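Position in the sequence shown counted from 1, then plus 13, gives you the numbering used here.
Below is one structure, written out as structure tokens, with a few remarks after it.
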Amino acid sequence: MMDLKSILDKIEPTQYQLPQWQDLNQFVSKFNLFWRELGNLIQQQLVQAQIEQTEAQYHGARTKRPKRYYTPLGEMLIQRRVYPTANGLEVKADLQLGLPADKWGSPRLIT
14 MMDLKSILDK IEPTQYQLPQ WQDLNQFVSK FNLFWRELGN LIQQQLVQAQ IEQTEAQYHG
74 ARTKRPKRYY TPLGEMLIQR RVYPTANGLE VKADLQLGLP ADKWGSPRLI T
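Laid out in structure tokens, this is it:
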């Protein structure tokens, strides 16, 4: 997973790609896009790490399968292990972690 130094290293070169301060609308648009992409990258790494931690308790995986998820931050590609069971093939991380079938919905507010 990215640590603070790697995040800062990724941010530094982009400051030179941002437009000049004379066009604040363009600056805000590019800045927002950059942070969304970075947020999606960090989100993907966090989700993948949780999946791998969950899968570490199981043995006998047959293969790994990629899956695309669509989140409010954008598309995310993660790898999940497939295990043979009496009922056929099963992706245990999907079941145990409650991963959605194809996309995450809008975040729910907890009150």
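The beta carbon of each residue, even a glycine, is placed where N, CA and C say it ideally should be.
Everything numeric in this text was worked out from a predicted model, so none of it was measured.
Exposure label - residue i; buried when at least 16 CB within 10 Å
i, result
"Ala106", "buried"
"Glu68", "buried"
"Arg78", "exposed"
"Arg81", "exposed"
"Val41", "exposed"
Cβ neighbours of residue i in the same chain (closer than 7 Å, five flanking residues each side left out)
i, result
"Arg49", "Leu86 and Gly87"
DSSP three-state assignment for residue i, whether helix, strand or coil
i, result
"Arg49", "helix"
"Leu102", "strand"
"Leu112", "coil"
"Gln70", "coil"
"Gln92", "strand"
"Arg78", "strand"
Residue i versus residue j - alpha carbon distance
i, j, result
"Met89", "Asp22", "22 Å"
"Gly52", "Thr98", "36 Å"
"Phe44", "Asn38", "10 Å"
Other residues of its chain near residue i: CB distance less than 6 Å, five sequence neighbours each side excluded
i, result
"Gln57", "Met89"
"Ile74", "At residue 74 the sequence reads Ala, which differs from the Ile that was named. Arg94 and Tyr96, listed in sequence order."
Beta carbon of residue i nearer than 8 Å to that of residue j
i, j, result
"Ile55", "Leu110", "no"
"Gln61", "Ile91", "yes"
"Thr76", "Trp117", "no"
Residues near residue i by beta carbon distance below 8 Å, same chain, minus five either side
i, result
"Pro113", "Tyr82"
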